[in-house]
Structures are given as structure tokens and as C-alpha cells.
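What follows is a single structure, written as C-alpha cells, with notes after it.
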Amino acid sequence: MRGDVRRPRTGGGGVTGDEGFPDGWPVGLRGVTESVVTTRGPNDLWNVAALGLHAPDEAADPVTATTWGNTRTRRNFHRRGGGVVQFVSDPREFVSAAMTVREEPDPVLDAAHAWVDVEVTRVDGGERGGTRWEEWELHPRESAVVSTTVPTVNRGFAAVIDATVAASRLDVDAYDTDELLSRLRYFGETVETCGGDAEKEAFATVERLSGWRERLEERS
Numbered sequence: 728m729r730g731d732v733r734r735p736r737t738g739g740g741g742v743t744g745d746e747g748f749p750d751g752w753p754v755g756l757r758g759v760t761e762s763v764v765t766t767r768g769p770n771d772l773w774n775v776a777a778l779g780l781h782a783p784d785e786a787a788d789p790v791t792a793t794t795w796g797n798t799r800t801r802r803n804f805h806r807r808g809g810g811v812v813q814f815v816s817d818p819r820e821f822v823s824a825a826m827t828v829r830e831e832p833d834p835v836l837d838a839a840h841a842w843v844d845v846e847v848t849r850v851d852g853g854e855r856g857g858t859r860w861e862e863w864e865l866h867p868r869e870s871a872v873v874s875t876t877v878p879t880v881n882r883g884f885a886a887v888i889d890a891t892v893a894a895s896r897l898d899v900d901a902y903d904t905d906e907l908l909s910r911l912r913y914f915g916e917t918v919e920t921c922g923g924d925a926e927k928e929a930f931a932t933v934e935r936l937s938g939w940r941e942r943l944e945e946r947s
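Per our numbering, the very first residue in the sequence shown carries number 728; after that it's consecutive.
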């Protein structure tokens, strides 16, 4: 894997912050941190998907993630035993990963600020609301900080991330459709009020791919 992972554009240590740094990770994690993961498929292209990282209680414990359904990420984890987790700040990159089928020839995205090549181990699994889930431990093999940014907080960006979660649950029986549509309307208002051009473009993609606004109008 080492020969396939691009070297960092700039050097440096881990991204600063109040979060704990799990062993081998170049960024601090807390709670659930949203990331993008690339996994090599049977066609040798790298599938791009969103992946929530669950921070451990202790730095020496492994970071975990859960896959839901029979996704390409799940299948590639089983097939290849790993992937490249990366951290992005462009909401359009996250929406593309979360809501489209995207494949790239290289494992590290141009938009990545940091990446971690991980080996994965399945540790648990089951079914919830008719959807199969599997839990994985992520063990770093190599990592790098590609670029550092001064952190800012934008409600529009946060709304885009939450919107991808709500949109992905629209056709899942375990979730209430009316509640999800109400959330998406609120997220849309937040993006319009607080987001910049990138957030508005990303949310427009969520709307186009999910068709949530048409569903909302049909129920009005």
C-alpha cells in the first residue's frame, strides 16, 4: 500500500486542537468525526465514500467505524482488508462521497488535508431496522498531513453534512419520512442563510440526488 499512497504536499505534525490523538492518527478525534474513505475495488479503482469515525476512550484503543448495508466500502473492506481514510473541508467533496458512486484512479483525493492508510478488522455485526451493519476496527499503517488550515465554524457546512445523513435515510423503513423531510427543509434554510457558494452548491446536489423537495411538496 505504501507505494500507492501519494506523499504529502507539505510537511508538519498532526492538526492541532483539544481533541485526543489516537495512536497513529494525524488528527484529533472526538465523538463521531465524519471522514471520506477510499477503498480499492475489484476493478482496481478506488471507491470514494463517507465514513463516520468513532473516537476511542483511550488513545491506545482503536478507532472504529460502522458500515451499513451491502455497500462498496463493506465489500472492499472484506476483499482488501483496508482503505485510506481522509479528511476534507470542501462540502462538495463530502456530498460526492456520501451520495454518488464515485471511483478514482488514486487513493488520496486532491482535496484531502490529511490521510491515514488503515488496516481494518471486523469485530461485530448484526441487523437494525432491516439493515445489516458491521463494526470495524481501523489500525493505521501510514499517515500524513497534506496541508493545514485555520479552523472555522460555518453552520451551512454543518447543515450540508447533516443533510446527507437525513437524505440517506429517506427510503429506510426504520426512519419517519415526514420527520426527515422536515429536517431537510430546515437544513436547506440554514444553508441558504449561513452557507457560502460551496455549501449552496453541495446542498443543491443533495436536493437533486435525493428528490426530497419534490417529496415534501407532494405531502403538502
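For every residue, glycine included, the Cβ atom is placed at its ideal position computed from N, Cα and C.
- Per the coordinates, the alpha-carbon of Glu919 lies some 10 Å from the alpha-carbon of Glu928.
- Contact fails between the region 850 to 858 and the region 870 to 890, because fewer than three Cβ pairs, one in each stretch, are under 8 Å apart.
- Of the candidates Asp903, Phe930, Asp905 and Ala925, Phe930 places its Cα closest to the Cα of Glu916.
- DSSP links Glu864 through a beta bridge to Thr791 and Thr848.
- By the Cβ test, the region 854 to 866 is not in contact with the region 823 to 839, since fewer than three Cβ pairs between them sit closer than 8 Å.
- The beta carbon of Tyr902 is closer than 7 Å to those of Arg896 in its chain, skipping five residues each way along the sequence.
- Taking the CA atoms as reference points, Ala893 sits about 11 Å from Arg912.
- Taking every protein chain shown into account, the CB of Gly856 has fewer than 16 other CB atoms within 10 angstroms, so this residue is exposed.
- For Ala792 and Ser874, the gap between their C-alpha atoms comes out near 24 Å.
- Counting only runs of at least 4 residues, the region 760 to 822 fully encloses the following alpha helix (DSSP H) elements, listed from N- to C-terminal order: 799 to 807.
- When DSSP states are grouped into helix, strand and coil, Thr858 belongs to the strand group.
- The residue among Thr879, Glu926, Ala925 and Arg946 with its C-alpha nearest the C-alpha of Ser909 is Arg946.
- Using a Cβ-Cβ distance cut-off of 8 Å, the region 779 to 790 and the region 745 to 755 are in contact, since at least three pairs of beta carbons, one from each stretch, lie closer than that value.
- Taking the Cα of Asp771 as reference, the smallest distance to any Cα among His866, Thr904 and Glu831 is reached at Glu831.
- Here Pro878 is exposed, its C-beta having fewer than 16 other C-beta atoms within 10 Å.
- When beta bridges are read from the DSSP output, Val872 appears opposite Ala841.
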